[in-house]
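Colleague: Residue numbers (my numbering): -7 to 224.
Got a structure here, written out as structure tokens. Questions coming.
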């Protein structure tokens, strides 16, 4: 079974890209399934079910969805193998833009859209910088010049990644993506002992533990203060 981790900012088109990519694989007899991670709510699982794609969803609630991912990915792999999948795709919540827990030796795909602004690639951390493949969506809405500038900004942030355009509505580019993320010679039996590509943010502070009051008297643990220059 292959395992691929999809990440990207909210509303960048991750689900549409995944749907079109799996659709392109069906003609080749590849059985794919999806596990969707989110925080409070998602109905993406219903979209996958409608397309007859095996799916599970996990809601992290008050926890960071990427920490939730790392705590559950081993059981996710077990579920995929029990379903006898050829390809298991995990889709992240992609909330803070800083991290998505890519795993060493497991393909990581970042989906980002042209409408997010040309400076957006610089604002995204390991979610973009550590990806193997960067998929740019919504290219049909902007001009050719804007597409090229945005693609250039992405390559400047992650020069080693393959950058490609996929249209989540028409499916253009999805077949090419499907050939890149699936390798029939790869067989992932477990992720036990594998390492994350980048350490996730940590902040074990009083607010993590349920504190709601503002003020230094109530701030304990791992906190960080801004630096202020005198008279400025």
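By construction, the Cβ of each residue, glycine as well, lies at the ideal position given by its N, Cα and C atoms.
Remember, it's a predicted structure, so these values are computed and weren't measured experimentally.
Helix, strand or coil for residue -1? Go by DSSP, reduced to three states.
Modeller: DSSP places residue -1 in strand when its eight states are reduced to three.
Colleague: Tell me the rounded alpha-carbon separation between residue 145 and residue 130.
Modeller: The straight-line gap from Cα to Cα measures roughly 16 Å.
Colleague: Ignoring anything shorter than 4 residues, give me the alpha helix (DSSP H) runs that lie fully in the region 47 to 89, in order along the chain.
Modeller: Runs found: 57 to 74.
Colleague: Relative to the alpha-carbon of residue 55, which residue among 8, 139, 85 and 170 has its alpha-carbon at the smallest distance?
Modeller: For the residues 8, 139, 85 and 170, the minimum Cα distance to residue 55 belongs to 85.
Colleague: So, residue 7 versus residue 169, is the Cβ gap smaller than 8 Å?
Modeller: In this structure, residue 169 does not lie closer than 8 Å to residue 7 by Cβ.
Colleague: Counting along the chain, where does the beta strand (DSSP E) carrying residue 24 start and finish?
Modeller: Where residue 24 is concerned, the enclosing beta strand (DSSP E) stretches over 24 to 30.
Colleague: Classify residue 24: buried if its beta carbon has 16 or more other beta carbons within 10 angstroms, exposed otherwise.
Modeller: By the neighbour-count rule (16 or more Cβ atoms within 10 Å), residue 24 is buried.
Colleague: As a quick exercise: from 171, 52, 139 and 208, pick the residue whose alpha carbon is nearest that of residue 17.
Modeller: Closest option to residue 17, Cα to Cα, is 171.
Colleague: State buried or exposed for residue 101, treating a residue as buried only when at least 16 other CB atoms are found within 10 Å of its CB.
Modeller: By the neighbour-count rule (16 or more Cβ atoms within 10 Å), residue 101 is buried.
Colleague: Quick check on DSSP: helix, strand or coil for residue 183?
Modeller: Residue 183 falls in the coil class under three-state DSSP.
Colleague: Quick one: Cα of residue 62 to Cα of residue 50, how far?
Modeller: The straight-line gap from Cα to Cα measures roughly 12 Å.
Colleague: Looking at C-alpha atoms only, which residue of 197, 219 and 155 is the closest neighbour of residue 211?
Modeller: Nearest option by C-alpha distance: 197.
Colleague: Quick check on the DSSP output: what are the complete alpha helix (DSSP H) runs of length 4 or more inside the region 118 to 200, in order along the chain?
Modeller: 118 to 121, 136 to 149 and 166 to 173, all fully within the region 118 to 200.
Colleague: Assuming residue -3 and residue 92 form a contact by the criterion Cβ under 8 Å, report the distance between their Cβ atoms to the nearest whole angstrom.
Modeller: Yes, residue -3 and residue 92 are in contact; Cβ-Cβ is about 7 Å, under 8 Å.
Colleague: Assuming residue 58 and residue 192 are in contact, meaning their beta carbons sit under 8 Å apart, how far apart are those beta carbons, in whole angstroms?
Modeller: Right, their Cβ atoms sit about 6 Å apart.
Colleague: Give the range of the beta strand (DSSP E) segment to which residue 105 is assigned.
Modeller: First-last of the beta strand (DSSP E) with residue 105: 99 to 105.
Colleague: Using DSSP with H/G/I as helix, E/B as strand and the rest coil, what is residue 110?
Modeller: In the structure shown, residue 110 sits in coil (DSSP, three-state: anything other than H, G, I, E or B).
Colleague: Once DSSP output is grouped into helix, strand and coil, what is the label at residue 206?
Modeller: Correct three-state label for residue 206: coil.
Colleague: Compute the beta-carbon to beta-carbon distance between residue 27 and residue 82, rounded to the nearest angstrom, for a pair I have assumed lies under 8 Å.
Modeller: Contact flag correct, Cβ pair sits at about 5 Å.
Colleague: Could you give the distance in angstroms between the alpha-carbon of residue 2 and the alpha-carbon of residue 128?
Modeller: Each residue's Cα considered, the two are about 14 Å apart.
Colleague: Buried or exposed for residue 209, going by 16 or more other Cβ atoms inside 10 Å?
Modeller: It is exposed - the Cβ of residue 209 has fewer than 16 other Cβ atoms within 10 Å.
Colleague: What does the Cβ neighbour count give for residue 185, buried or exposed, with the cut at 16 atoms within 10 Å?
Modeller: Exposed, because fewer than 16 other Cβ atoms sit within 10 Å of the Cβ of residue 185.
Colleague: The alpha helix (DSSP H) with residue 41 in it runs from where to where?
Modeller: Start and end: 36 to 42.
Colleague: Secondary structure at residue 116, three-state DSSP: helix, strand or coil?
Modeller: Looking at residue 116 - three-state DSSP - the assignment turns out to be coil, as it is neither helix nor strand.
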